[in-house]
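Numbering (numbering that gives the first Met the number 0), first residue to last: 0 to 182.
The block underneath contains the structure these notes are about, expressed in structure tokens.
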Amino acid sequence: MKTICLVVVWTLIGSIAAFAQRVEILSAYYGIGNYRVDVTERVRGLASHGESFEVSSRNLGVPSLPIPGKQLSVVYSVGHQQFRERAQEGDIFRFNTAGAYDRGESWGPRVVRGMYGRSGRYMDVTDELRDYAQRGEGFRVSPEAFGLDTERAQGSRLHMTVIDRSGERVQREYEEGDYVDFR
């Protein structure tokens, strides 16, 4: 009898935890400016398990148009918390859920894009920044932090776009020598 009660209680706890982390899509639009398509139903299907997905016309079920700058805007809730997030075409859209944290994704800011350089010569360092963020590591802005030649990149700046803990898209700029903390 004790075993049955424990199994029932354990199952109920698991069900409550799963329900509490259910992603509810309130609205989703894909496009640019006034040319946006309602993709709410499609994103609901993609969100049914809270999994990440690549933002693309194919994944969102809309015709592909050669227009640069398209983005996905999603308003969703998890439990009692509401999020408003955007992702550029080609980026990976991730939902803020406990499951994401369990899979090793960071609760800290999520890096959307990172560019490092000077005088109109910038390099994409998004992947390196995402690695730092996922590990929860801080670093000092320098060519070495991104595996670059110190002489060619000296005096550079880091331009970074992140989704902060409140779900807002924020742009940050750092000069060489500044400390970036992803904890």
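Yeah, the Cβ is synthetic: ideal placement off N, Cα and C, and Gly gets one too.
Collapsed DSSP secondary structure at residue i in the structure displayed
{"i": "L71", "result": "strand"}
{"i": "R151", "result": "helix"}
{"i": "E127", "result": "helix"}
{"i": "R21", "result": "coil"}
{"i": "L64", "result": "coil"}
{"i": "E143", "result": "helix"}
{"i": "S56", "result": "helix"}
{"i": "R134", "result": "helix"}
{"i": "R83", "result": "strand"}
{"i": "F92", "result": "strand"}
{"i": "G78", "result": "coil"}
{"i": "G30", "result": "strand"}
Terminal residues of the alpha helix (DSSP H) in which residue i lies
{"i": "G44", "result": "39-46"}
{"i": "R117", "result": "R117 -> not in any alpha helix (DSSP H); beta strand (DSSP E) instead, spanning 109-117."}
Option in the options with minimal Cα separation from residue i
{"i": "V42", "options": "R171, E127, F94, Q80", "result": "F94"}
{"i": "G44", "options": "N33, G78, R35, N58", "result": "N58"}
{"i": "S51", "options": "F92, F82, F145, R21", "result": "F92"}
{"i": "D90", "options": "S26, V111, V77, V73", "result": "V111"}
{"i": "Q153", "options": "P108, R85, V161, Y121", "result": "Y121"}
{"i": "D180", "options": "V73, V77, E23, V140", "result": "V140"}
{"i": "H158", "options": "E175, R83, E167", "result": "E175"}
{"i": "L71", "options": "T39, H79, S47", "result": "T39"}
{"i": "S56", "options": "V36, Y75, A46", "result": "V36"}
Exposure of residue i, with buried meaning 16 or more beta-carbon neighbours within 10 Å
{"i": "V169", "result": "exposed"}
{"i": "L128", "result": "buried"}
{"i": "S63", "result": "exposed"}
{"i": "I31", "result": "exposed"}
{"i": "Y178", "result": "exposed"}
{"i": "Y34", "result": "exposed"}
{"i": "A99", "result": "With a pLDDT of only 49 at A99, under the threshold of 50, the placement of this residue in the model should not be trusted, and no figure is reported."}
{"i": "P67", "result": "exposed"}
{"i": "T149", "result": "exposed"}
Beta strand (DSSP E) segment containing residue i, residue limits
{"i": "H158", "result": "156-162"}
{"i": "R171", "result": "168-174"}
Anticipated Cβ contact below 8 Å, residue i with residue j, distance rounded
{"i": "R156", "j": "E172", "result": "6 Å"}
{"i": "Y29", "j": "K69", "result": "7 Å"}
{"i": "E84", "j": "V73", "result": "6 Å"}
{"i": "A132", "j": "F138", "result": "Not confirmed; about 10 Å, so no contact."}
{"i": "V61", "j": "A46", "result": "Actually they are not in contact, since the Cβ atoms of V61 and A46 sit about 17 Å apart, beyond 8 Å."}
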